[in-house]
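Enquirer:
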DNA sequence: CTTCTAGATAGACAACCGTCGATGGAGGAC
DNA sequence: GTCCTCCATCGACGGTTGTCTATCTAGAAG
């Protein structure tokens, strides 16, 4: 919500490389806050893994076992955090993962001292 | 807290690859909850970027501008989430990032469909 | 028009969270 | 022993959050 493309100042520097600025910490924590609930983690996963990478509310309400307003509420939080996008088609609202949003968080959390997971392509 | 080494069931599968189980979602969200506060993000970053990769409470209380009990409270939450470790040496308590803890989260958030950040070495 | 369905919004309530000041406890210096 | 420093814990306070039911809007079908 800070910038149109969602790429703000804390875009590339791992958390562990240098002390993060207060502003960047606030912005980062807003995204983690969206992931700080088991239901929202499940919703994000359900949407991402759904056919075509998108899902409507009716597709995911029953799996999580909560009321429809509660699911809408959680989806709104994920959208406002910039993790999900919403597209209305007719009566249905389709949600999908914003490209690069999770990758951004993944990069920030990457530990520069651990040389395991990210160097798969060496040689 | 679930297992000694902190590597639980949600260890390697990206969130977006398949629907996460409710238990894994709960476990994951507990770690994100620890990062869902700007102060804790800053503390984690300050500890990681501090000389030797460790810091005592007195090193990081003044930078965040909060009372010492509040800082201790946040550090405890980060420890209980398995992100920080604590070692007492004399009067001082030294905190350091648990090796692999952030990398684990980074892997879970990695988007398998986005071939940008991790494949910089192509061509 | 009416009716049905998908979804968002509003309001309420209990539970949780971040912060503080005050206190307690363990080492080190003397 | 006394004193001081570093840090954890306690209790309290206001603000936020997750969930519900009830209601509202918008589109599709008749």
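Chains as they are written, first to last, in our numbering: chain A, 33 to 155; chain B, 33 to 155. By construction, the Cβ of each residue, glycine as well, lies at the ideal position given by its N, Cα and C atoms.
(1) Does the CB of residue 126/A have a neighbour CB from chain B at under 7 angstroms?
(2) Pop quiz: residue 48/A and residue 129/B are said to be a contact at Cβ under 8 angstroms. What is the actual Cβ separation, rounded to whole angstroms?
(3) Under a Cβ-count criterion, where at least 16 other Cβ atoms within 10 Å of its own Cβ denotes burial, should residue 114/B be classed as buried or exposed?
(4) Tell me the DSSP bridge mates of residue 126/B?
(5) Can you tell me whether DSSP reads residue 102/B as helix, strand or coil?
(6) Expressed to the nearest angstrom, what Euclidean distance is found between the alpha-carbon atoms of residue 63/A and residue 131/A?
(7) Spatial neighbours of residue 98/B within its chain, please: CB distance less than 7 angstroms, with the 5 preceding and 5 following residues excluded, ordered by chain position.
(8) So with CB distances below 8 angstroms, who are the chain B contacts of residue 52/A?
(9) Can you list, in chain order, the residues of its chain whose CB lies under 6 angstroms from that of residue 106/A, leaving out five sequence neighbours each side?
(10) Starting from the beta carbon of residue 68/B, find every residue of chain A whose beta carbon is closer than 7 angstroms, and list them in chain order.
(11) Taking its Cβ as the centre, do 16 or more other Cβ atoms sit within 10 Å of residue 138/B, making it buried, or is it exposed?
(12) Within 7 angstroms of any Cβ in chain B, is that where the Cβ of residue 118/A sits?
(13) Buried or exposed: where does residue 150/B fall if 16 or more other Cβ atoms within 10 Å of its Cβ makes it buried?
(14) To the nearest angstrom, how far is the alpha carbon of residue 153/A from that of residue 122/A?
(15) Could you tell me if residue 84/B is buried or exposed, where buried requires 16 or more neighbouring beta carbons within 10 angstroms of its beta carbon?
Expert: So, from the data block:
(1) Taking the first chain and counting its residues from 1, the one referred to as residue 126/A is at position 94. It does not; no Cβ of chain B falls within 7 angstroms.
(2) As a position in the first chain, residue 48/A is number 16, starting the count at 1. As a position in the second chain, residue 129/B is number 97, starting the count at 1. That belief holds up - the Cβ atoms of residue 48/A and residue 129/B are roughly 6 angstroms apart, short of 8 angstroms.
(3) Against the second chain, residue 114/B aligns to sequence position 82. Residue 114/B comes out buried.
(4) Reading the second chain from its first residue, position 94 is the one you call residue 126/B. Per DSSP, 88/B and 119/B.
(5) Against the second chain, residue 102/B aligns to sequence position 70. Three-state DSSP puts residue 102/B in a helix.
(6) If you number the first chain from 1, residue 63/A lands on position 31. If you number the first chain from 1, residue 131/A lands on position 99. Roughly 15 angstroms between the two C-alpha positions.
(7) As a working note, residue 98/B is residue 66 in the second chain. Counting only Cβ-Cβ distances below 7 angstroms, and skipping sequence neighbours, we find 71.
(8) On the first chain, position 20 is the one that residue 52/A refers to. Near residue 52/A (Cβ distances below 8 angstroms), the residues of chain B are 73, 74 and 77.
(9) As a working note, residue 106/A is residue 74 in the first chain. Excluding residues within five positions, the ones whose Cβ falls inside 6 angstroms are 71, 72 and 75.
(10) Along the second chain, one-based indexing puts residue 68/B at 36. Ordered by position in chain A, the residues that pass the 7 angstroms Cβ test against residue 68/B are 61, 64, 65 and 68.
(11) Numbered from its first residue, the second chain carries residue 138/B at position 106. Label assigned to residue 138/B: buried.
(12) Stepping through the first chain from its first residue, residue 118/A is reached at position 86. By this cut-off, residue 118/A is not an interface position.
(13) Here the question's residue 150/B lines up with position 118 in the second chain. A caution first: residue 150/B carries a pLDDT of 46, below 50, which makes its placement in the model too unreliable to give a value.
(14) Reading the first chain from its first residue, position 121 is the one you call residue 153/A. Reading the first chain from its first residue, position 90 is the one you call residue 122/A. Low per-residue confidence applies at residue 153/A: pLDDT is 45, beneath 50, and the placement is therefore not dependable, though the value from the model is reported in the following sentence. Roughly 44 angstroms separates the two Cα atoms.
(15) Locating residue 84/B in the second chain gives position 52, where the first residue counts as 1. It is exposed - the Cβ of residue 84/B has fewer than 16 other Cβ atoms within 10 Å.
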